[in-house]
Amino acid sequence: MIEGGLYLIGGEPGVGKSTLITLVLNNLNVLHKKRGLYISGEESLSQIGRRALRLGVEKKNFLMLNETSLQTIIEQINLIKPSFIVLDSIQTTISDEIASPAGSISQVREVTHELMNKVKEKNISCFIVGHITKEGSIAGPKILEHMVDTVIYFEGDQSNQYRLLRSVKNRFGSTNEIGIFKMSEKGLREVVNPLSIFINKTKKNSYGNSLSCVLQGLRPLVIEVQALIVDNQYGNGKRVSQGIDNNRVVMILAIIKKYLNIDLITSDIYINTGGGLKIVSSEMDLSLLISILSSYKCKSLYRDYIILGEISLTGEVKPIPNLETRLRELKHLGFKNILTSKVSLEEITNLSLDLNIKTIDHITEINPIIDKVFQ
């Protein structure tokens with residue numbers, strides 16, 4: 356964390372942004388023995404206090420303010436002189452110099468600009484909470500993202516106890532890193548072993564799923580790719596995808612039709628990733644294809660196989676970056692059987708991990724492989 360830094364935390368309503376930011380502010384206060392100010396325009400002081408009490412916040416340096424006027428907030432900052440500030444949320448804060456309502460583009464721009472100038476001038480670390488729109492982005496994203504130093508998304512299903520903290524912009528470090536937490540009555544707790552979230556190693560004799568390993572920043576994660584193929588007798592089938600870009604799914608289906616002569620146009624196809632993790636890269640293409648074939652053929656994979664590889668429009672299985680890093684992590688986790696691109700393996704030197712690695716150059720070679728990886 357940098358003094359004078361402006362950090363934007365975005366997430367859906369109810370995901371736990373206020374809980375997260377309360378714990379962050381408390382940890383900073385305890386660690387640095389300096390004063391922190393929690394400013395809320397959505398909750399009363401008693402509501403903030405009850406949450407702080409439930410989370411075990413140290414009272415000494417934890418100050419609270421219920422205010423929506425930017426001018427009053429700046430006056431209190433000048434008076435209190437905090438080292439850390441939380442503004443919850445940017446959409447409820449208004450500037451008296453702008454006539455538009457709270458949450459409008461002009462208000463968000465003005466409030467963020469004035470707050471940025473103040474925290475830079477006073478060397479105050481400031482955390483801004485922003486709401487997510489229906490499209491899945493922070494309200495007024497382009498206005499805020501170029502002004503703040505760091506943008507972090509707090510993701511998770513309210514019906515699920517696990518939460519993902521994802522950095523998408525960071526002027527002071529790497530981006531696309533994630534933190535995995537479990538929501539409890541006493542707040543968020545770090546998940547030491549995320550393997551139990553994204554896959555179910557005890558599941559046997561089920562088809563339509565395969566395991567892959569993705570990189571989130573520098574962190575390899577093993578996740579489950581699930582597919583369900585259902586006959587549709589009423590016309591073109593549905594394409595529903597969660598966690599993987601639907602356009603990527605459609606492309607893989609086209610490749611399957613072209614090179615494997617399997618036409619799924621009349622089938623309903625549902626794709627999902629275990630644990631709700633969203634994947635934007637192409638490193639799971641081969642795993643997705645295997646899951647689709649597993650559901651289509653009603654054959655299950657051996658649960659200890661990891662599928663790695665990108666698939667091009669020509670049907671070639673292309674290498675993925677940092678394969679050696681993934682293989683070392685998979686070895687550490689106890690996985691021994693790998694299916695990946697032959698080119699990927701040729702690029703690795705001095706690898707002695709005692710792994711059973713099968714390779715494939717083109718998806719037309721998949722049938723002999725299926726006999727080895729399917730039960």
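Just so you know, the sequence shown maps onto residues 356 to 730 in the working numbering.
Beta carbons are placed, not taken as given, at the ideal position from N, Cα and C, and that holds for glycine.
For clarity, every value in this text was computed on a predicted model and none was experimentally measured.
Beta-carbon proximity check, residue i vs residue j, cutoff 8 Å
{"i": "residue 450", "j": "residue 430", "result": "no"}
{"i": "residue 655", "j": "residue 536", "result": "no"}
{"i": "residue 499", "j": "residue 485", "result": "yes"}
{"i": "residue 510", "j": "residue 366", "result": "yes"}
{"i": "residue 626", "j": "residue 596", "result": "yes"}
{"i": "residue 725", "j": "residue 694", "result": "no"}
{"i": "residue 678", "j": "residue 699", "result": "yes"}
{"i": "residue 637", "j": "residue 603", "result": "yes"}
{"i": "residue 523", "j": "residue 506", "result": "yes"}
{"i": "residue 423", "j": "residue 454", "result": "no"}
{"i": "residue 610", "j": "residue 721", "result": "no"}
{"i": "residue 598", "j": "residue 632", "result": "yes"}
{"i": "residue 445", "j": "residue 427", "result": "no"}
Other residues of its chain near residue i: CB distance less than 7 Å, five sequence neighbours each side excluded
{"i": "residue 378", "result": "410, 542 and 543"}
{"i": "residue 395", "result": "403, 421 and 443"}
{"i": "residue 538", "result": "371, 516 and 518"}
{"i": "residue 690", "result": "659 and 661"}
{"i": "residue 674", "result": "696, 698, 699 and 702"}
{"i": "residue 399", "result": "421"}
{"i": "residue 501", "result": "none"}
Nearest candidate by alpha-carbon position, reference residue i, set the options
{"i": "residue 634", "options": "719, 519, 682 and 668", "result": "519"}
{"i": "residue 508", "options": "371, 719, 356 and 672", "result": "371"}
{"i": "residue 358", "options": "428, 476, 592 and 385", "result": "476"}
{"i": "residue 585", "options": "607, 652 and 614", "result": "652"}
{"i": "residue 546", "options": "524, 423 and 630", "result": "630"}
{"i": "residue 382", "options": "434, 356 and 398", "result": "356"}
{"i": "residue 640", "options": "468, 613, 472 and 671", "result": "671"}
{"i": "residue 665", "options": "577, 587 and 607", "result": "607"}
{"i": "residue 487", "options": "615, 363 and 676", "result": "363"}
{"i": "residue 578", "options": "587, 388 and 628", "result": "628"}
{"i": "residue 441", "options": "587, 601, 583 and 376", "result": "376"}
Spatial distance of residue i from residue j (CA atoms)
{"i": "residue 562", "j": "residue 687", "result": "26 Å"}
{"i": "residue 589", "j": "residue 620", "result": "11 Å"}
{"i": "residue 482", "j": "residue 361", "result": "6 Å"}
{"i": "residue 684", "j": "residue 708", "result": "10 Å"}
{"i": "residue 623", "j": "residue 669", "result": "25 Å"}
{"i": "residue 436", "j": "residue 369", "result": "31 Å"}
{"i": "residue 432", "j": "residue 405", "result": "23 Å"}
{"i": "residue 408", "j": "residue 374", "result": "11 Å"}
{"i": "residue 473", "j": "residue 525", "result": "20 Å"}
{"i": "residue 529", "j": "residue 463", "result": "27 Å"}
{"i": "residue 414", "j": "residue 388", "result": "12 Å"}
{"i": "residue 723", "j": "residue 648", "result": "13 Å"}
{"i": "residue 713", "j": "residue 393", "result": "55 Å"}
{"i": "residue 480", "j": "residue 676", "result": "36 Å"}
{"i": "residue 380", "j": "residue 386", "result": "10 Å"}
{"i": "residue 478", "j": "residue 601", "result": "44 Å"}
{"i": "residue 425", "j": "residue 460", "result": "15 Å"}
{"i": "residue 412", "j": "residue 401", "result": "14 Å"}
Residues of its chain near residue i, where Cβ-Cβ distance is below 6 Å and the 5 sequence neighbours each way are ignored
{"i": "residue 565", "result": "580, 642, 645, 646, 656 and 662"}
{"i": "residue 681", "result": "568 and 575"}
{"i": "residue 533", "result": "519, 521 and 571"}
{"i": "residue 692", "result": "659, 660 and 711"}
{"i": "residue 527", "result": "357"}
{"i": "residue 612", "result": "618"}
{"i": "residue 731", "result": "Past the boundaries of the shown model lies residue 731; the chain is included only from 356 to 730, so the question cannot be answered."}
{"i": "residue 447", "result": "396, 397, 423 and 457"}
{"i": "residue 582", "result": "563, 626, 646, 647 and 650"}
{"i": "residue 452", "result": "none"}
Contact set for residue i: own chain, Cβ-Cβ below 8 Å, skip 5 residues either direction
{"i": "residue 390", "result": "384, 416, 418, 435, 436, 437, 438 and 439"}
{"i": "residue 605", "result": "594"}
{"i": "residue 587", "result": "593, 621, 622 and 623"}
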